[in-house]
Structure formats: C-alpha cells, structure tokens
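Working notes for the structure below.
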Amino acid sequence: MTPPDASDSRWSDLDRPPLNATALRRALLRPDALWTSLDVVTATGSTNSDLAAKADALDEGAVLVAEEQTAGRGRLDRRWSAPARSGLFFSVLLKPGEAVPVERWGWLPLLTGVAVATGLARAAGVDTALKWPNDLLVTVDGDERKAGGILAERAGADGVVVGIGLNVTLRADELPVPGAGSLALAGAVSTDRDTLLRAVLRSLEQGYGGWRAAAGDPAASGLQETYAAGCATLGRTVRAELPGGQSVRGEAVAVDGDGRLVLATGEGVQRPVAAGDIVHLRPDAP
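Structure representation (structure tokens):
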C-alpha cells in the first residue's frame, strides 16, 4: 500500500482530497440527462486533446476530468498548469447537430462562462465575472484576478470540446502570475470540488438545453442578455490586441448577435472584435 504521505499519493495533501468519481456519476448520469459518461484520471496532458481524439466514438455529453493537467492549454496554445487537485480541470463533448446552425456554435464558450459563473455563485458563494471572451474573474483583496478560463475547439465530424480550468484552492504562494487568483483566495464558502463540479455541470446542462432549444439564437434563448449582465468587460475602456500584431482601443459597449465584442473607438465609430486578447485599462491609462 502506498503511504498517504508519498508525493504521488492522491492523499498527499489532505486539504486537497481526490474527486469521488462514483458519487459524481451517480449524481450526474441520469437517463434523461445531457451527461452520458464521466471519467476522472489522475493526470493527463490535456483533457481537451484527450476528449477530442475520441470525439467521433463518444456520445454527446462525455465528461473527462483530470486531477492534474501537465500540458493544459488556453487560447493561443498558452500553457495552463496548477498543483494536483488544486482546481477543476475538465472538458465536455457537445454535439449541437443540425438543431443549431454552425455559425452560432461560437456562442458555446460564452454560454459556458455564464454556466460556470452561475454554478459557482450557487455552490461557492463567489461572484465570478466574465472577461470577454473566455476568462473567469474573481475579486481578491479588492483586485480583479483571473481564476479560470475556457477553451472551445472543434472535435471530430460534428463535435465541440469545451475545456474549463478553474483554480479552487490555489494558495497565494502558488499563483503562477501576479494577476491570478482562486476561489479560496476570493473567500469561497465551499471549496469542495465534488460539489462545485456538480453545480457547474448542472448549470451548463440547463443553459445548453435552453440555447439548443432556441436553435442557438442568443437573443431568443436569453443568453446574450445574461452574458452581457455578467460581463466585466462591458462599459470598460479596453485595448484589443488583435491577431497579426495590431491593436485597437475603445470602450466596450456591447456583445453583438455573433458573440463579438463591440468597441466604440471614437467619433461615432464602432468596431466589432471577433478574436483577440482584451486588456482592461484604467480610465487614465495612455
């Protein structure tokens, strides 16, 4: 038997117990549920990559969770890593099919952001704001910090894999960069990862069902309005760093029907941004 204090033991940090896969399956895998399978692995490179590789052979609703990711990815292939069992690192397989036009699939990461924020508000008692297009923000000691991110990628013939990385119990001395945060540092009333994962997946199931029933229409499903209400980027002066090295500055005034961030750049000019890194600026920033 492996001693509990061994460095590779799942119980090496008693403040970070392993997920209970059996209990998660019992709670989430119902005959009428979106979620059809749920696997928890001790470690992997990337749950997105693993799930995408099997997308054509899996039913919609497959969930893959890793206690540790060694090569997790964010946008632009940026690395995402954290200590084992310090967060939630998981991916889900969605197959909107003919019910939703492909041009509306771009709303899936925004939908997921709303679902994560809603689930965390219920289960952790933490207000999670959304930074367009895919960051999850919490407040730590009065400062806005990034606690998680979302990455959606096409997978197989008709699927989308959506990956979520969320810092749960990351301590101050473990933060990878000064602007990072975690639910624990934000004063969460619960950091039980089983509870949090159930809450997020149930919220995502509900939101996805409503969006799909509305044929992916962000206005008819209420997604566009709900996202805007929780988006910390709107109303801010921002700099959009665009693909190709260009940048544009303006006030973020809306998220349009295609999920693009609309910037008012001055003199009545509005510019929609479909992709790019967004930097929240102070009003007096140059």
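Numbering (our numbering), first residue to last: 215 to 500. Beta carbons are placed, not taken as given, at the ideal position from N, Cα and C, and that holds for glycine.
Suppose you measure from the CA of residue i to the CA of residue j; what does that come to, to the nearest Å?
| i | j | result |
| --- | --- | --- |
| residue 282 | residue 466 | 35 Å |
| residue 353 | residue 440 | 20 Å |
| residue 388 | residue 482 | 45 Å |
| residue 496 | residue 420 | 36 Å |
| residue 375 | residue 305 | 6 Å |
| residue 231 | residue 407 | 9 Å |
| residue 268 | residue 247 | 21 Å |
What does the Cβ neighbour count give for residue i, buried or exposed, with the cut at 16 atoms within 10 Å?
| i | result |
| --- | --- |
| residue 461 | exposed |
| residue 271 | exposed |
| residue 236 | exposed |
| residue 310 | buried |
| residue 395 | buried |
| residue 314 | buried |
Considering only residues of the same chain and omitting the five flanking positions on each side of residue i, which have a CB-CB separation below 7 Å?
| i | result |
| --- | --- |
| residue 444 | 328, 331, 343, 344 |
| residue 297 | 388 |
| residue 312 | none |
| residue 371 | 270 |
If you drop the 5 nearest sequence neighbours on each side, which residues of the same chain put their C-beta closer than 6 Å to that of residue i?
| i | result |
| --- | --- |
| residue 398 | 383, 405 |
| residue 290 | With a pLDDT of only 48 at residue 290, under the threshold of 50, the placement of this residue in the model should not be trusted; the figure read from the coordinates follows. Hits under 6 Å: none found. |
Sorted by chain position, which residues of the same chain lie with C-beta nearer than 8 Å to residue i's C-beta, five sequence neighbours on each side aside?
| i | result |
| --- | --- |
| residue 241 | 412 |
| residue 257 | 280, 281, 282, 283, 284, 298 |
Mind reading off the beta-carbon distance from residue i to residue j? Whole number of angstroms is fine, and I expect it under 8 Å.
| i | j | result |
| --- | --- | --- |
| residue 377 | residue 308 | No, residue 377 and residue 308 are not in contact; Cβ-Cβ is about 12 Å, not under 8 Å. |
| residue 261 | residue 276 | Going by Cβ atoms, the distance from residue 261 to residue 276 rounds to 11 Å, so no, they are not a contact pair. |
| residue 486 | residue 474 | 4 Å |
| residue 238 | residue 252 | 6 Å |
Short check: CB of residue i to CB of residue j, under 8 Å?
| i | j | result |
| --- | --- | --- |
| residue 158 | residue 452 | Look at the range of the chain in this structure, 215 to 500, and you will see that residue 158 is not part of it. |
| residue 380 | residue 350 | yes |
| residue 348 | residue 333 | no |
| residue 447 | residue 464 | no |
| residue 442 | residue 477 | no |
| residue 361 | residue 335 | no |
| residue 471 | residue 403 | no |
| residue 233 | residue 254 | yes |
| residue 337 | residue 410 | yes |
| residue 415 | residue 425 | no |
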